[in-house]
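Trainee: Residue numbers (my numbering): 37 to 208.
All residues carry an ideal CB built from backbone N, CA and C; glycine is no exception.
Keep in mind it's a predicted model, so treat the numbers as computed, not measured.
#1: What is the DSSP secondary structure of residue 106, counted as helix, strand or coil?
#2: Count the CB pairs spanning the stretch 142 to 151 and the stretch 119 to 129 that are closer than 8 Å, and state whether there are at least three.
#3: Return the chain-ordered list of same chain residues with a C-beta closer than 6 Å to the C-beta of residue 48, the five sequence neighbours on each side being excluded.
#4: Please give the ranges of any alpha helix (DSSP H) in the stretch 113 to 156, keeping only runs that are unbroken, at least 4 residues long and fully inside the region.
#5: How should residue 117 be labelled, buried or exposed, when 16 other C-beta atoms within 10 angstroms of its C-beta is the threshold for buried?
#6: Where does residue 158 land, buried or exposed, given buried means 16+ other C-beta within 10 angstroms?
#7: Near residue 76, what residues of its chain come up, given a Cβ to Cβ distance below 8 Å and the 5 sequence neighbours on each side ignored?
#8: Take residue 109 and list the residues in its own chain whose beta-carbon comes closer than 6 Å to its own, dropping the five residues that flank it on each side.
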């Protein structure tokens, strides 16, 4: 457990920030699809878009995690939080922030999630809020990481070019 100036971080597992291109898709029809904001061995948080008139509850008991190299199917989850993030630009879609906790995992699923975390993380996230701030519902949109890209289309080149490739590029 880490102790901070303003309070105590009560999470049991470290949360990790992921590389771009990691998605979560909720079963059974994979209608709810969005980039993963952070992940731990206990659960993850993601964003997804839905129509303004669509219900925003989490009734899907399974989720699939996907990145370029990994695809983990039918992981049991339990919804922890699900709320709308205010977006002024869109009149037809609303952006949702969803936090889920993993359910009863088999050894293979646990191992696959662990490998997903190892190969796709950038760094560890820390929670610097005080206990009072964590419990209050005020200003939740300010503490959320907005997605690093706004569309669901995969960027054309997600791999960073090496130094030699950058040097050998000529401009015509």
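Mentor: So, to answer that:
#1: coil
#2: no
#3: none
#4: 143 to 156
#5: exposed
#6: exposed
#7: 47, 49, 50, 51, 52, 153
#8: 100
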